[in-house]
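Report on the structure given below.
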Amino acid sequence: MKRFGLLPCACIWAVVSALTTAAAQTVPDTLAERTQPCVACHGQEGRATSEGYFPRIAGKPAGYLFNQLVNFREGRRTNAAMTYLVEHLTDAYLQEIAGYFAALSLPYPPPQSPAATPDVLRLGETLVHTGDPARRLPACVQCHGDAMTGVLPAVPGLLGLPRDYLIAQFGRWKAGDREAAAPDCMADIAARMSADDIAAVAAWLASQHVPPDAKPAAALSQPPSLPCGSGFK
455 MKRFGLLPCA CIWAVVSALT TAAAQTVPDT LAERTQPCVA CHGQEGRATS EGYFPRIAGK
515 PAGYLFNQLV NFREGRRTNA AMTYLVEHLT DAYLQEIAGY FAALSLPYPP PQSPAATPDV
575 LRLGETLVHT GDPARRLPAC VQCHGDAMTG VLPAVPGLLG LPRDYLIAQF GRWKAGDREA
635 AAPDCMADIA ARMSADDIAA VAAWLASQHV PPDAKPAAAL SQPPSLPCGS GFK
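The sequence shown begins at 455 in this note's numbering and counts up by one.
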C-alpha cells in the first residue's frame with residue numbers, strides 16, 4: 455500500500471475549512487464555487503501561491519489535469535488532501551474540473567531569482583534543450599514543447615513552476631512515489647538523472663520568464679524519443 459505524501463497542516467485545514475464553509479452557506483452551483491477546496495492550496499483561480507510545493511494548475515492542458523486527478527484517485531500519486539478530494543469522484547466530474555482550470559488564461563508572476571551558479575544554470579539549460587545522448591537522456595523540449603509551455607492534449611508546461619516543486623516531483627519519481635500510466639517515461643528519465651542534473655534543470659526552469667501568451671502547443675515538432683503512456687493520448 456502506498457503511503458500518503460505529507461502536506462502542511464495549514465493546507466489540510468484550508469481544504470476542510472473551504473468544504474465546511476461551502477456546506478454551511480447557500481452558494482451558486484458553479485464550478486468556480488465547487489473548486490474552492492482546490493484553490494485553498496493551489497491559489498486563487500489555480501494561479502499557485504508562494505508556497506513552493508503547490509503547482510499552478512490554471513492554463514495547464516485539460517488532458518494533463520484529468521490524468522493527474524485520476525492518478526491521485528487510483529493511487530499512482532499520493533497526497534492526503536488530493537486523495538480525500540477525488541477518491542469518490544467520477545471521470546466525468548474530474549473532466550469538468552480539469553476543463554475549468556485549463557480554460558483559465560491568467561498572467562504568470564515574475565520568475566524566481568536563480569538560486570544557482572552560472573555553471574549550474576548552463577547545465578540545466580543544456581539538459582532542457584539538448585539532453586544527454588550518451589546517457590540516453592532526452593531533452594525536456596522533446597515532450598514539453600520547444601517553448602516549454604506544454605503540448606496538447608496532455609503534456610504540461612514546465613515554466614512558471616517553483617524550483618522546490620520541480621525537485622520534489624523528480625524525487626518522487628526516483629523513489630517510486632509518483633507514477634503515471636505505463637510506459638512511465640518520466641520514471642525512466644528521472645532514473646537516469648543525478649541529483650546534480652535535477653537541481654540544475656529545476657533551477658534553470660524556475661528562473662525563466664513565462665511568455666505573455668503562453669499556451670500549450672497544438673502538437674510536437676517531432677515524435678518523442680521515448681514512449682509515454684499518458685502524455686500523448
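We treat Cβ as the ideally placed atom computed from N, Cα and C, and that holds for glycine.
Nearest to residue 530 by alpha-carbon distance, out of 626, 682 and 675, is 626. Unbroken beta strand (DSSP E) stretches of 3 residues or longer found wholly inside the region 523-550: none. Taken through DSSP and simplified to helix, strand or coil, residue 591 comes out as strand.
In the three-state reduction of the DSSP assignment, residue 573 falls in the helix class. For residue 683, the three-state secondary structure derived from DSSP is coil.
The beta carbon of residue 550 is closer than 6 Å to none in its chain, skipping five residues each way along the sequence. Taking a cut-off of 8 Å for Cβ pairs, the region 551-566 and the region 577-586 do not touch, as fewer than three such pairs fall below it. 7 Å or more divides the Cβ of residue 533 from the Cβ of residue 608.
Pairwise C-beta distances place the region 602-621 in contact with the region 657-669, as three or more of them are shorter than 8 Å. Straight-line spacing of the CA atoms in residue 659 and residue 617 works out to 7 Å.
Looking at the backbone, the Cα of residue 679 and that of residue 485 are separated by about 38 Å. Under DSSP, residue 610 shares a beta bridge with 604. If you check the CB distance, residue 683 and residue 635 come in under 7 Å. Residue range 617-629 is occupied by the alpha helix (DSSP H) that includes residue 620.
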